[in-house]
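In my numbering, the protein residues as written are 23 to 348.
Backbone N, C-alpha and C define an ideal beta-carbon position, used for all residues, glycine too.
This structure is a prediction, so every number in the text was calculated from the model and none was measured.
Working notes, beginning with the structure itself.
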């Protein structure tokens, strides 16, 4: 299997990632070691950004026109994001914690860059930043040798240190390296997975062990402010994606597992709307039910959130296509 073949399972990566993120955002208690897996569910965002780096690199190189590329990005996200953020702002306005500036900032997805005002989610800020940087990063990656590509990756990692103790932006900036790593993987997509599988998986396991150790330091403020929650996923996320692709290829050989994998891929294709809607639903649930809900209720909430998300995505895209035709 080449990396190019592994990329054919990106929807599976995203499906697993969104499930992981959703469970991370719940108060489900697995009463055992599975709680450790749940605890690191935020790593699903790193899988998304790694996959985005791959997709953005290939998309930009279709024509290498920055304006055309950004237009494609807007056409992909705006039909889902704009109606949603209007709903979210309306909900938050009832709580009286919004200014005119933050309303506008959230509408165009850049409020997370500001040090003041309420914003929906750091991930929106991250993908906007990644889209803006894509023409520069993709052009550099294409024109440079591997040594220079790795050098830029290290520069991006080092640059994140300038944002230590910046609570709102370190979570975004520390994700740029994993996004750029996706571009490097995309450039060398003819590479055999077998040639890099064990080194990357081994490094991923070591990074996971380090992550487990530092998160037991009981200094969450220090770990957050210095990006230590997210740096290990620069290695963990690619390792997980390769493992998922290998198991996905094997699972496609059997009809039972193929049905399950195809269902997860469908969730991956709808992952953006699921991400948006579940964040709002969970925010409402947690504000109204201060006590911890049972696992059973959380699983019902997850199921309903996914159904509502898929319905919302269909209606939003359909409405946008009608408006665009006019």
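#1: So, with DSSP's three-state summary, where would you put residue 327?
#2: Would you say residue 338 and residue 105 are within 8 angstroms of each other, going by their C-beta atoms?
#3: Return the bridge partner residues of residue 224 from the DSSP annotation.
#4: Considering just the uninterrupted stretch of the alpha helix (DSSP H) at residue 132, what are its terminal residues?
#5: Going by C-alpha distance, which of 216, 347, 202 is nearest residue 151?
#6: What are the uninterrupted segments assigned as beta strand (DSSP E) that are 3 or more residues long and contained completely in the stretch 43 to 93, given in chain order?
#7: With 16 as the cutoff for other CB atoms within 10 Å, does residue 58 come out buried or exposed?
#8: Between the beta-carbon of residue 163 and the beta-carbon of residue 25, is there less than 8 angstroms?
#9: Would residue 226 and residue 257 qualify as a contact pair, given that the criterion is a beta-carbon distance under 8 angstroms?
#10: Taking only the alpha-carbon atoms, compute the straight-line gap between residue 317 and residue 55 and give it to the nearest angstrom.
#11: Who pairs with residue 214 in a beta bridge, going by DSSP?
#12: Provide the residue span of the alpha helix (DSSP H) that contains residue 31, from first to last.
#13: Can the beta-carbon of residue 260 be found less than 8 angstroms from the beta-carbon of residue 72?
#14: Take the Cβ of residue 194 as the centre, count every other Cβ of all protein chains shown within 10 Å, and call the residue buried at 16 or more, exposed below.
#15: Give the range of the alpha helix (DSSP H) segment to which residue 254 is assigned.
#16: Could you compute how far the alpha carbon of residue 183 sits from the alpha carbon of residue 247?
According to the structure data:
#1: Taking the chain shown and counting its residues from 1, one reaches residue 327 at position 305. It is helical.
#2: By 1-based counting over the chain shown, the position of residue 338 is 316. By 1-based counting over the chain shown, the position of residue 105 is 83. In this structure, residue 105 lies closer than 8 angstroms to residue 338 by Cβ.
#3: Numbered from its first residue, the chain shown carries residue 224 at position 202. Answer is none; residue 224 lacks a bridge partner.
#4: Numbered from its first residue, the chain shown carries residue 132 at position 110. No alpha helix (DSSP H) holds residue 132; DSSP gives it neither H nor E.
#5: Along the chain shown, one-based indexing puts residue 151 at 129. When each option's Cα is compared against that of residue 151, the closest is 202.
#6: none
#7: Looking up residue 58 in the chain shown gives position 36. By the 10 Å Cβ count, residue 58 comes out exposed.
#8: Translated into the one-based positions of the chain shown, residue 163 becomes position 141. Translated into the one-based positions of the chain shown, residue 25 becomes position 3. No, the Cβ-Cβ distance between residue 163 and residue 25 is not below 8 angstroms.
#9: Within the chain shown, numbered from 1, the residue matching residue 226 stands at position 204. Within the chain shown, numbered from 1, the residue matching residue 257 stands at position 235. For residue 226 and residue 257, yes; Cβs fall inside 8 angstroms.
#10: Within the chain shown, numbered from 1, the residue matching residue 317 stands at position 295. Within the chain shown, numbered from 1, the residue matching residue 55 stands at position 33. Taking the straight line joining both Cα atoms gives about 16 angstroms.
#11: The residue labelled residue 214 in the question sits at position 192 within the chain shown. For residue 214, which the question treats as bridged, DSSP gives the partners 24.
#12: Here residue 31 corresponds to residue number 9 of the chain shown, with the count starting at 1. Here residue 31 belongs to no alpha helix (DSSP H), and DSSP marks it neither H nor E.
#13: Reading the chain shown from its first residue, position 238 is the one you call residue 260. Reading the chain shown from its first residue, position 50 is the one you call residue 72. Yes, Cβ-Cβ distance for residue 260 and residue 72 is below 8 angstroms.
#14: Counted from its first residue, the chain shown places residue 194 at position 172. Classification for residue 194: buried.
#15: Start at 1 with the first residue of the chain shown, and residue 254 comes out as number 232. Looking at the DSSP string, residue 254 is not in any alpha helix (DSSP H), and its letter there is neither H nor E.
#16: For this step, residue 183 is matched to residue 161 along the chain shown. For this step, residue 247 is matched to residue 225 along the chain shown. In a straight line, the C-alpha of residue 183 is about 10 angstroms away from that of residue 247.
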